[in-house]
Amino acid sequence: IGEEKFHKSQHWGYCNNVAMLVGEDKPGIGGEPLPGQKLKPKHSVFPEGMGSDAPAWVAFDKQVLSFDAYFEEEVPDKHQELYRIRHCKIYFYLEDDTIQVVEPQVPNSGISQGTIVRRHRIPLPPPQEDLFYTVEHFNVNAEVILYARRYRIIDCDQFTKHFLRKMGVRLNPPAGRPEDPYTRERQKLLESMKPLRPYERTDTLKQFLEHDGHVLRFFCVWDEPEALFHHPRELVLRYYLSDDTIDIKEIIPVNSGRDVVPLFLRRAKLPKHAPTGLYQPGTITSRTVLNVLEKLGKGSHYILDNRKTGAVHQEFYRDSDLKIGAVINVWGRKIILCDCDEFTKDYYRTKYEIEDFTPVPYKAPPPPKPEKTFPPYTGFGSEEDSLCSCMGLLLKPPQKDFKKFMEKDRSGMERNTLLFLAELATHSPIDRGRKFTISYFLRDDTISVFEHMQQNTGILGGKFLGRGRIKKPGQELFKSEPSEYFKAQDLFVGARVCFHGHNFLLVDADEYTLNYMEKHANEFPVANISVILEKLKGIGEPRSREVRQTFAAADPEHTKVIEYDSFRNVIDGVSGGALSEHEMMTLGRYYSVKEECEVDLPFLLSGAQEQLKKHNFEEFEQLSAVLAYNDRGRCGVLPHKMCRTICKSFKLPLADDDLQALLTIFENDQKQVEYKKLVDGLNWKENQIPAFQAIKNEDGWRGQPPPLPGKSIQYLPLLDDLFGKEE
1 IGEEKFHKSQ
11 HWGYCNNVAM
21 LVGEDKPGIG
31 GEPLPGQKLK
41 PKHSVFPEGM
51 GSDAPAWVAF
61 DKQVLSFDAY
71 FEEEVPDKHQ
81 ELYRIRHCKI
91 YFYLEDDTIQ
101 VVEPQVPNSG
111 ISQGTIVRRH
121 RIPLPPPQED
131 LFYTVEHFNV
141 NAEVILYARR
151 YRIIDCDQFT
161 KHFLRKMGVR
171 LNPPAGRPED
181 PYTRERQKLL
191 ESMKPLRPYE
201 RTDTLKQFLE
211 HDGHVLRFFC
221 VWDEPEALFH
231 HPRELVLRYY
241 LSDDTIDIKE
251 IIPVNSGRDV
261 VPLFLRRAKL
271 PKHAPTGLYQ
281 PGTITSRTVL
291 NVLEKLGKGS
301 HYILDNRKTG
311 AVHQEFYRDS
321 DLKIGAVINV
331 WGRKIILCDC
341 DEFTKDYYRT
351 KYEIEDFTPV
361 PYKAPPPPKP
371 EKTFPPYTGF
381 GSEEDSLCSC
391 MGLLLKPPQK
401 DFKKFMEKDR
411 SGMERNTLLF
421 LAELATHSPI
431 DRGRKFTISY
441 FLRDDTISVF
451 EHMQQNTGIL
461 GGKFLGRGRI
471 KKPGQELFKS
481 EPSEYFKAQD
491 LFVGARVCFH
501 GHNFLLVDAD
511 EYTLNYMEKH
521 ANEFPVANIS
531 VILEKLKGIG
541 EPRSREVRQT
551 FAAADPEHTK
561 VIEYDSFRNV
571 IDGVSGGALS
581 EHEMMTLGRY
591 YSVKEECEVD
601 LPFLLSGAQE
611 QLKKHNFEEF
621 EQLSAVLAYN
631 DRGRCGVLPH
641 KMCRTICKSF
651 KLPLADDDLQ
661 ALLTIFENDQ
671 KQVEYKKLVD
681 GLNWKENQIP
691 AFQAIKNEDG
701 WRGQPPPLPG
711 KSIQYLPLLD
721 DLFGKEE
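If you use UniProt numbering, the sequence shown corresponds to residues 1 to 727, in order.
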């Protein structure tokens, strides 16, 4: 029967939008309450529909009502107190109607304090023990009974007041906090025990807490001219702001012959009038006995000197006495404060508003360092190796510029090698037609020369000069100064260089060399367009009209463009040969008509595969799987931006420009990237592409003229940049 009654009274319902087994409020037939059933109100003072629909544990998460309360506790079998007033905090958690009572800790109370009632739902006192406390049961200046203990609520915090007012609760005025009678009696007893003449105590805790670790540092000098070996002695004075003590440390020079001691003056308060102000032991005491009554010993009485008529006041150095230029007395030694550190300057600037911190010169100017001279080069080994043997007793090999080597070493498609086509500058008919490739390696400033093979000339070709650094001609061989070597700035189109007695004329350069010099125009003046324009402007500005007419004559059809050969001839005539061939090429490349050139796909893929192989990247299957997962339509293409983001998430060791170029190449007509072809092209394990021959065989460059971005040159923008726009 009981089980049947349970099933009839229980059913599934919703409480705070959460399904749970309920049935206490289910009425009987016809809506009438069952015998002994107490119906609870379905809503609070707010009508249905107001407020949030979220569950209480979401809407009131981390919201707690805090009440200040107290309760009286009886103290049996103790005549000093009959009851105690114990103050506590009542916390009501809105999310689940749980209550917690906590008593704050009071030092030396002798009572177990802390959590009095742990957090849980507390039932109402009888006869309503089947119900629980809710927020409606709490108000200021009211009483609640928790497990037969009566708590009096006297106040609450601002959040609680605001919340209760929003609920429609009329708050009572706060009640006064009662005082525990026993605590009041104990306080009176403690106050009555204070002596009429308390022992004088100076509170230095505040000064210690505010200035602990703060030290003023002064650089001083102690000069004793009457000493036998007169020499100024440098000292460092440190003033500790936490307790007004001073210590002094001496700076002992190397090989001075003086004994090394830890401190010149140990840390202590420094009296001003010393040694004249020395006192006998017992003169300075914390308190003085005025006279004695009866005999000293057990039961004797004495009177202290409250007026301090016989007290001795000793003055010590304070921070206000220390400043640059001041002379202080350190136990009979006159020490001059000459300078201080930045922290000390900020301290005096803030506290005493001192702005003048001019140091007192106390050091003699150091003698000039003798110039280090090296013996001349002997001819054995390299100059750098011979110079290292003069630097110290332990022989060390010459140090190479490792940072420059790592920055300028070949990386992917950046070979960091400049290639020039050269001819022998000679009148010999045999050597006049010989072609050479000069390679300049930026990572270590070395040069190699490779001669082109020509048929029916009797010249085999091949390596003409091995790789190494080359000295500039006209230098003395056996000298102390290091020799000058050819730099990258000495090589450009039109330059004449002499390598070990062979005169070369640089007649051309490859496209990579020209692009590199233009990108690093601050290092190469012949490729700096602003420097070239300033030079040309200084030459042609006095005859600007004549220059315009010369360009107009070179363009009889008024197309505003001319061929590069005509442009070069005009610039050469205007400058009078002041511009080199490389500078004229830079002008032509800058003002040429830009034409779109096709990107070599094998060239890009070979460089990309080499970078991936160098960094051991093998996650091609994972990359393909992620790209296929993002392809929701299974069409084999993805947007350009999405492909770039996915590739970046895999940390592909490719430059942004190279990755952008590869994604652009694999785009279809709808600007969608075909990611399968992209991954197959990057997969160096299965689809390896041989390295680009032009990069692998640098000496094999045949010196083909690099095509200009456009064969036609726009001369009007050049004239506008030189002389301004013509009216």
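Each residue gets a CB set at the ideal place from its N, CA and C atoms; glycine is no exception.
Quick check on residue i: buried or exposed, where buried means 16 or more other Cβ atoms within 10 Å of its Cβ?
i           : result
Ile438      : buried
residue 749 : With the chain covering only 1 through 727, there is no way to say anything about residue 749.
Lys537      : exposed
Thr309      : exposed
Asn456      : exposed
Lys435      : buried
Tyr352      : exposed
residue 762 : With the chain running from 1 to 727 in the structure shown, residue 762 is simply not present.
Cys647      : buried
Gly700      : Only weak support exists for where Gly700 lies, its pLDDT of 44 falling under 50; the value from the coordinates is given anyway. Exposed.
Thr645      : exposed
Thr160      : buried
Phe138      : buried
Leu393      : exposed
Leu477      : exposed
Val679      : buried
Gly540      : buried
Pro705      : Because Pro705 sits at a pLDDT of 46, beneath the cut-off of 50, its placement in the model cannot be relied upon, and the following sentence gives the value as read from the coordinates. With fewer than 16 Cβ atoms within 10 Å of its Cβ, Pro705 is classed as exposed.
Arg634      : exposed
Gly724      : exposed
Pro707      : Low confidence applies here, because Pro707 scores a pLDDT of 48, under 50, leaving its location unreliable and the question unanswered by this model.
Arg415      : buried
Cys340      : buried
Gly325      : exposed
Gly681      : buried
Leu506      : buried
Gln280      : exposed
Phe67       : buried
Please identify the residue among the options whose C-alpha is closest to the C-alpha of residue i.
i      : options                           : result
Asp444 : Trp57, Lys487 and Lys323          : Lys487
Phe218 : Leu237, His502, Lys363 and His211 : Leu237
Pro397 : Gly176, Glu619 and Glu384         : Glu384
Glu511 : Leu654, Phe420 and Phe402         : Phe420
Pro126 : Tyr147, Glu136, Lys166 and Asn416 : Tyr147
Leu654 : Asn616, Gln670 and Asn668         : Asn616
Gly573 : Gly461, Arg432 and Gln549         : Gln549
Gly110 : Arg119, Thr183 and Tyr347         : Thr183
Arg496 : Ala422, Glu81 and Asn528          : Ala422
Glu481 : Lys535, Ala527 and Leu387         : Leu387
Tyr91  : Val75, Pro76 and Arg118           : Arg118
So residue i is in the alpha helix (DSSP H); what residue range does that whole segment cover?
i      : result
Pro602 : Leu601 to Lys614
Ser649 : His640 to Ser649
Lys78  : Neither: Lys78 is in no alpha helix (DSSP H) and is coded neither H nor E.
Val493 : Run containing Val493: none; DSSP gives neither H nor E here.
His582 : Glu581 to Tyr590
Val547 : Ser544 to Ala554
Lys404 : Phe402 to Lys408
Asp346 : Glu342 to Lys351
If I'm right that residue i touches residue j with Cβ under 8 angstroms, what's the distance once you round it to whole angstroms?
i      : j      : result
Ala69  : Tyr151 : 5 angstroms
Ala425 : Phe504 : 6 angstroms
Glu95  : Tyr83  : Rounded, the Cβ-Cβ distance is 36 angstroms, inconsistent with contact.
Tyr715 : Ile562 : 6 angstroms
Arg432 : Thr446 : Their Cβ separation, rounded to whole angstroms, is 28 angstroms, which puts Arg432 and Thr446 out of contact at 8 angstroms.
Hey, could you find the ends of the beta strand (DSSP E) residue i is sitting in?
i           : result
Ala142      : Ala142 to Leu146
Asp385      : Unbroken run through Asp385 is the alpha helix (DSSP H), Glu383 to Cys388; no beta strand (DSSP E).
Asp721      : Where Asp721 is concerned, there is no enclosing beta strand (DSSP E), although the alpha helix (DSSP H) it sits in stretches over Tyr715 to Phe723.
residue 730 : Limits of the chain in this structure are 1 at one end and 727 at the other, which puts residue 730 out of reach.
Tyr70       : Val64 to Glu74
Thr98       : Thr98 to Glu103
What do you reckon, are the CB atoms on residue i and residue j nearer than 8 angstroms?
i      : j      : result
Leu235 : Ile248 : yes
Arg467 : Ser483 : no
Asn172 : Val140 : yes
Val106 : Gln100 : no
Tyr440 : Leu465 : no
Ser242 : Phe264 : no
Nearer than 7 angstroms: is that true of the beta carbon of residue i relative to any heavy atom of the ligand NAD?
i      : result
Lys323 : Among the components modelled here there is no ligand, and therefore nothing to report on the ligand NAD.
For residue i, decide whether its Cβ has a neighbour in chain B, counting only Cβ atoms nearer than 8 angstroms.
i      : result
Cys388 : In the structure shown, chain B does not exist; there is a single protein chain.
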